[in-house]
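Start counting the sequence shown at 233; every next residue gets the next number (my numbering). The structure appears right after this line, and notes come after that.
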Amino acid sequence: DTPDFGKPYQLASIPLGERSIPVQIGPKAVVFIVAALLMLLALNYLVNATRLGKAIRAVAQDRATASLMGINVNQIISLTFLIGGALGGAAGVLFGMNIGTVNPYMGFIPGLKAFTAAVLGGIGNITGAMVGGIVLGFLEAFVASYLSLFTNNNFSGASYADIAAFSILILILIFRPEGLLGESTTQKV
């Protein structure tokens, strides 16, 4: 059983004809958002403002040159996997708290959505991945909340949220493969 954090907070109300749609956020969601932001800021600081981050970036760019500069490439790769595993584990704990149960297959769809967010924001760009995740989250919430309203309850929006997310992935890969914040790279042959 997941812990109960209390009642949702009423943020606003969106007028829609004669009705209005309340915009709420639950206390659990606030905890998840704060935890995700703290992990994002810590990772961003680690990668961009520490010697370890500089070594990670050097190894990612060119292993041979990083090795010539005195960086222990195998150690940096191991530490990078450790950091990624720790962040993935923390995300798994938060996700498990959200759905209330844990099973070996629970991370498949969230993993695909994380990949979609990274592609949307720009692969290799931490801020881009965050922006991609936020854009993807808002798109899914919009589809889940409003599709049934716009179609006179002919479609359940929640069942089409995944279709919207992966349609975005296909469109981004076709029209802007570098992502929203990624830099266009050209290769000379």
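Glycine residues also receive a C-beta, built at the ideal position from the N, C-alpha and C atoms. On a predicted model such as this, the values are computed, not experimentally measured, just so you know.
Check                                                                                    : Outcome
Cβ pair P259, Q242 closer than 9 Å                                                       : no
Per-residue DSSP class, three states only, for V334                                      : coil
Cβ-Cβ separation, L412 to L352 (assumed contact under 8 Å), whole Å                      : 6 Å
Contact check, T348 vs F398, beta carbons under 9 Å                                      : yes
Proximity of L284 and L311 at Cβ, strictly below 9 Å                                     : yes
Closest by C-alpha distance to V363, when choosing among G414, P247, V266 and I288       : G414
According to DSSP, residues forming a beta bridge with Q256                              : Q242
Bounding residues of the alpha helix (DSSP H) (the contiguous stretch that carries S377) : I358 to F382
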